[in-house]
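First residue of the sequence shown: 89, per the numbering used here; consecutive thereafter.
Backbone N, C-alpha and C define an ideal beta-carbon position, used for all residues, glycine too.
Shown next, in structure tokens, is the structure this report addresses.
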Amino acid sequence: MRLLLALLIAMAVNLALFLLLDRMVSEKEIQVDKLVSSEIIEFVRLKSEPEPPPQQEPEQIEELPEPPPAVPETPLQPLAVDRPELAEWQIPELDIPLQIGTGPYIGVRPQMPTTLAAEPVPRMRFPPRYPQRALMRHVEGKVVLRFTINPDGSVSDAEVIEAEPVGYFEQSALRAISRWQFHPKVVDGKAVSRVATQTISYRLN
89 MRLLLALLIA MAVNLALFLL LDRMVSEKEI QVDKLVSSEI IEFVRLKSEP EPPPQQEPEQ
149 IEELPEPPPA VPETPLQPLA VDRPELAEWQ IPELDIPLQI GTGPYIGVRP QMPTTLAAEP
209 VPRMRFPPRY PQRALMRHVE GKVVLRFTIN PDGSVSDAEV IEAEPVGYFE QSALRAISRW
269 QFHPKVVDGK AVSRVATQTI SYRLN
């Protein structure tokens, strides 16, 4: 009786051990299958390549119209304007009153028209240019001129009768007085010639 009971217990223990061993083997197979499956899944997983960006169509550049041909400029013809001579830097002081009659004279006096007593009145005057040489040397002076006033008011036969200092201002004074215009003297309804003198002073301000 005891032997039978011991046999039954031994069989029960063996059965339990067998079941336990079988269960452990099954769990290991399941774990191995899971591991293998997991590794296979990770190995098979591939990164998807990014899709290439859509190609943009090139922008069409609008063609600009060609500029019209340049019209050649017609050069303007310069207008010839008779401008009075101006002083370069300093304008000399002028003695406005005119002196009529005789005065100091150097050399032979030419035959002159009859001198009138009334004083002529200038209607147009041009200031003389200050000579460059006198300006650079700071030279001042004066020139006394004798000239004829024609019936049309123009000046002719201008000459230097006195210059101080000599050799600086004579040509400048002659060029200026030759361009002056005067109101002619009328006698008995007729314009006549006359002789007058004029002093031009050159001063540095």
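#### Entry: Classification of residue 260 by the beta-carbon crowding that lies within 10 angstroms, buried from 16 upward
What you label residue 260 is simply residue 172 of the sequence shown in a count that begins at 1. Residue 260 comes out buried.
### Reference residue 256, options 290, 238, 244, closest by Cα
Locating residue 256 in the sequence shown gives position 168, where the first residue counts as 1. The shortest Cα separation from residue 256 among 290, 238, 244 belongs to 290.
### Sequence-distant residues of the same chain with beta carbon closer than 8 Å to residue 233, five excluded per side
For this step, residue 233 is matched to residue 145 along the sequence shown. Taken in chain order, the residues that qualify are 246, 247, 248, 249, 261, 262, 265, 285, 286, 287, 288.
### Task
Name the one or two DSSP bridge partners that residue 282 has.
For the purposes of this step, residue 282 is identified with residue 194 of the sequence shown, where counting begins at 1. In the DSSP output, where bridge partners are listed per residue, residue 282 has 237.
### Query
Which residue's Cα is closest to the Cα of residue 278: 238, 252, 212, 111?
Counting from one through the sequence shown, the residue named residue 278 turns up at place 190. Among 238, 252, 212, 111, the Cα nearest to that of residue 278 belongs to 238.
#### Entry: Burial state of residue 243 (16 or more Cβ within 10 Å)
Along the sequence shown, one-based indexing puts residue 243 at 155. Buried: at least 16 other Cβ atoms inside 10 Å.
#### Entry: Span separating the alpha-carbon of residue 229 from that of residue 283
Within the sequence shown, numbered from 1, the residue matching residue 229 stands at position 141. Within the sequence shown, numbered from 1, the residue matching residue 283 stands at position 195. Answer to the nearest angstrom: the Cα atoms are 24 Å apart.
### Task
Would you kindly report the start and end of the unbroken beta strand (DSSP E) that includes residue 244?
As a position in the sequence shown, residue 244 is number 156, starting the count at 1. 243-252 is the extent of the beta strand (DSSP E) around residue 244.
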